[in-house]
Amino acid sequence: MNGHRRAPRASLPSLVALAALVTACGPRDRLVVGAKNFTESDLLAEIVAQQIERRTGLRVERRLHLGGTFVCHEAIVSGRIDVYVEYSGTALTAVLQRPPLQDPDSVSRIVRAEYASRFDLAWGEPLGFDNTFAVAVRRADAEREGLRTIADLARVAPRWRAGFGYEFLERPDGFTGLARTYGLAFAAPPVAMDLGLTYRALADGRVDVIAGNSTDGLIVALGLTVLEDDRRYFPPYHAAPVVRRAVLERHPAVGRALAELAGRIPDAEMRRLNAQADVEHQDLAVIARAWLAANLP
Amino acid sequence: MDLIGFYARNSGEALGLLGQHLVLVGVATLVAAAIGMPLGVALTRRPRWRGPVLGLANVFQTIPSLALFGFLIPLPFIGGIGARTAIVALVVYALLPIIRNTYTGITGVDPAVREAGLGMGMRDRELLWLVELPLAAPVILAGVRIATVVGVGTATIAAAIGAGGLGVYIFRGVATVNDTLILAGALPAALLALAADAGLSLVERRLRRP
Chain A
1 MNGHRRAPRA
11 SLPSLVALAA
21 LVTACGPRDR
31 LVVGAKNFTE
41 SDLLAEIVAQ
51 QIERRTGLRV
61 ERRLHLGGTF
71 VCHEAIVSGR
81 IDVYVEYSGT
91 ALTAVLQRPP
101 LQDPDSVSRI
111 VRAEYASRFD
121 LAWGEPLGFD
131 NTFAVAVRRA
141 DAEREGLRTI
151 ADLARVAPRW
161 RAGFGYEFLE
171 RPDGFTGLAR
181 TYGLAFAAPP
191 VAMDLGLTYR
201 ALADGRVDVI
211 AGNSTDGLIV
221 ALGLTVLEDD
231 RRYFPPYHAA
241 PVVRRAVLER
251 HPAVGRALAE
261 LAGRIPDAEM
271 RRLNAQADVE
281 HQDLAVIARA
291 WLAANLP
Chain B
298 MDLIGFYARN
308 SGEALGLLGQ
318 HLVLVGVATL
328 VAAAIGMPLG
338 VALTRRPRWR
348 GPVLGLANVF
358 QTIPSLALFG
368 FLIPLPFIGG
378 IGARTAIVAL
388 VVYALLPIIR
398 NTYTGITGVD
408 PAVREAGLGM
418 GMRDRELLWL
428 VELPLAAPVI
438 LAGVRIATVV
448 GVGTATIAAA
458 IGAGGLGVYI
468 FRGVATVNDT
478 LILAGALPAA
488 LLALAADAGL
498 SLVERRLRRP
């Protein structure tokens, strides 16, 4: 679900996938768009691929659902894929092996500079959304209690129950720091449970607050309200297309096509798109085509 | 090794989780036995129910635990989050071996022995308590043993619904890509399963001896 946030690991399947990828590609005159192995990444790759096709007339090949950050990064560095969408926080911590930073501008600056100098890759303009942890509550509760931000939550926390996934409870940028930053004190220690089940438990009123992923389609499907991280506690994971600089030099139109996507997909829009794929099970290519037609005619 | 250091530093928490694990498996197995044994006996008296009841217990086995939890969360009384829901799920998984072995054990009693009992003027109830159950006891206990050993492993999923147990270390370890943590939960669970198996097989052997 949130695989892009995890540290890259060279699992056997991903290495096999990489080997298959390496052997499958010969010399070519077309672009290859890659994606990591979860819905959002696949969907963004499809949008990027169709946008390049529409605007440049180049042939674009899809290599979707590759085995995670490590495989995509190796593939693009070795030139087996030309474009994929990466998250700034993941690039900083997983690829560049730096400690997490809170300020989105610093993260972007470091990632852009290092990608250019170390890998000859261009870090594109962010697409708009930030796929980080999202503190979510039932909409009815948010309206009744007048909750808009996580700071507002501190007021009702002593009466509320929280249910969190293990990753959120254990990560250095997870619950402990959040509670400290906002002075959250719940009625009882948060219930530790499976991330997917926390959504269910919240919807059924078994807990009152959870920490999901900010672009998860379930947030739309279950009618949840995401509280704003007004003290900027969560590190930024802004999505942006990564492109080989050699490709941009050979086909400047690709850069212009990708620049059109900048800032066009805010959190709520990404959530809606993910819901179309994960909840309504629509075809990715169809979702991408409809979105492009509506937003970038 | 890291693991020894980990236990040394977290002995209180580790023992607490081990205790939760034992309670989860113990309560679930007792409840499953209390439901499964009478049901198994009833099936020997009502053979027509055999197919549907065993079929249902079979189907229960195939429900993935996370899906089962998903179904249970909204239910009143047996649902929600926490130990109760986890125990309900563990009972559901433990029923099949207990029902099946109770049924098999009793129907496996030598018909000649049963005839002899009837010939002595025993009524059905006496036949059951004095002849069939004692003779079937090792097989019935073998069913409880299977349910317990499987339950020790299955109970690690209780951590997915906020019920604690050794699975907490496994879930934490998976979430943070920490092999030591995963082992800290998996290793004692495996040892516990072996210990339960050895202990119950000892009881079983004692029952087999006349």
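So the protein sequences, as listed, match chains A and B.
The opening position of the first sequence corresponds to residue 1 in the working numbering, with each subsequent residue numbered one higher.
The opening position of the second sequence corresponds to residue 298 in the working numbering, with each subsequent residue numbered one higher.
The beta carbon of each residue, even a glycine, is placed where N, CA and C say it ideally should be.
{"Check": "Express the C-alpha separation of ASP299(B) and PRO266(A) in angstroms, rounding to a whole number.", "Outcome": "44 Å"}
{"Check": "Could you give the residue range of the beta strand (DSSP E) that holds ALA240(A)?", "Outcome": "239-244"}
{"Check": "Given that PRO371(B) touches chain A, what residues does it touch there, using C-beta distances under 7 Å?", "Outcome": "ASP204"}
{"Check": "Quick check for students: name the residue ranges of the alpha helix (DSSP H) that lie wholly in the region 86-151 of chain A, counting only runs of 4 or more.", "Outcome": "104-119 and 139-145"}
{"Check": "What are the residues that DSSP puts in a beta bridge with GLY212(A)?", "Outcome": "ALA134(A)"}
{"Check": "Tell me the DSSP secondary structure of ALA262(A) in three-state form.", "Outcome": "coil"}
{"Check": "Considering only DSSP beta bridges, list what ALA192(A) is partnered with.", "Outcome": "PHE164(A)"}
{"Check": "Between ILE52(A), ARG55(A), ARG54(A) and VAL33(A), which lies nearest to ALA45(A) when the distance is taken from Cα to Cα?", "Outcome": "VAL33(A)"}
{"Check": "State the Cα-Cα distance for the pair TYR199(A) and VAL137(A), rounded to the nearest angstrom.", "Outcome": "10 Å"}
{"Check": "Thinking ALA211(A) and ALA134(A) are a contact (beta carbons under 8 Å), I'd like their distance in whole angstroms, please.", "Outcome": "7 Å"}
{"Check": "Expressed to the nearest angstrom, what Euclidean distance is found between the alpha-carbon atoms of ARG343(B) and THR445(B)?", "Outcome": "27 Å"}
{"Check": "Quick one: does GLY309(B) have its CB under 8 Å from some CB of chain A?", "Outcome": "no"}
{"Check": "Can you find a CB in chain B that lies within less than 8 Å of the CB of VAL286(A)?", "Outcome": "no"}
{"Check": "Can you give, in chain order, each stretch of the beta strand (DSSP E) that sits fully within the region 312-356 of chain B and has at least 3 residues?", "Outcome": "none"}
{"Check": "Here's the rule I'm using: 16 or more other beta-carbon atoms within 10 Å means buried, otherwise exposed. How should GLY377(B) be labelled?", "Outcome": "buried"}
{"Check": "With a threshold of 8 Å between beta carbons, is VAL469(B) in contact with chain A?", "Outcome": "First, the residue type needs correcting, since residue 469(B) is Arg and not Val in the sequence shown. With 8 Å as the cut-off, ARG469(B) counts as an interface residue toward chain A."}
{"Check": "Does DSSP put LEU224(A) in a helix, a strand or coil?", "Outcome": "strand"}
{"Check": "For ARG231(A), which of helix, strand or coil comes out of DSSP?", "Outcome": "coil"}
{"Check": "Whole angstroms are fine: how far does the CA of ILE150(A) sit from the CA of PRO8(A)?", "Outcome": "Note on PRO8(A): pLDDT 42, under 50, position unreliable in the model; no value is reported."}
{"Check": "Would you say ARG264(A) lies against chain B (beta-carbon separation less than 8 Å)?", "Outcome": "no"}
{"Check": "Looking only at its chain, what residues have a beta carbon closer than 8 Å to the beta carbon of VAL247(A), apart from the 5 residues adjacent to it on each side?", "Outcome": "LEU31, ASP82, VAL83 and VAL254"}
{"Check": "Where DSSP assigns a beta bridge to ILE458(B), which residues make up the other side?", "Outcome": "MET193(A)"}
{"Check": "Is DSSP giving LEU369(B) helix, strand or coil here?", "Outcome": "helix"}
{"Check": "Helix, strand or coil for GLY40(A) per DSSP?", "Outcome": "Checking the displayed sequence, the identity of residue 40(A) turns out to be Glu instead of Gly. GLU40(A): helix per DSSP, three-state reduction."}
{"Check": "Here's the rule I'm using: 16 or more other beta-carbon atoms within 10 Å means buried, otherwise exposed. How should GLY217(A) be labelled?", "Outcome": "buried"}
{"Check": "Could you check whether LEU314(B) and GLY462(B) sit closer than 8 Å to each other, using their CB atoms as the reference points?", "Outcome": "yes"}
{"Check": "Assuming ARG522(B) is part of the alpha helix (DSSP H), what are its boundary residues?", "Outcome": "What the structure shows of chain B is the stretch from 298 to 507, and residue 522(B) is not part of that stretch, so it cannot be assessed."}
{"Check": "Taking the alpha carbon of ARG305(A) as the reference point, which residue from SER41(A), GLY57(A) and ASP278(A) has its own alpha carbon closest?", "Outcome": "Given that chain A is displayed from residue 1 to residue 297, the structure contains no residue 305(A) and the question cannot be resolved."}
{"Check": "In chain A, what lies closer than 7 Å to ILE396(B) by C-beta?", "Outcome": "Near ILE396(B) there are no residues of chain A at all, since even the closest Cβ is about 28 Å away, more than 7 Å."}
{"Check": "Looking at the C-beta of GLY26(A), does it have a partner C-beta in chain B at a distance below 8 Å?", "Outcome": "Any reading at GLY26(A) must be qualified, since the residue scores a pLDDT of 43, below 50, and its modelled position is unreliable; the value itself is stated next. No, its Cβ sits nowhere closer than 8 Å to a Cβ of chain B."}
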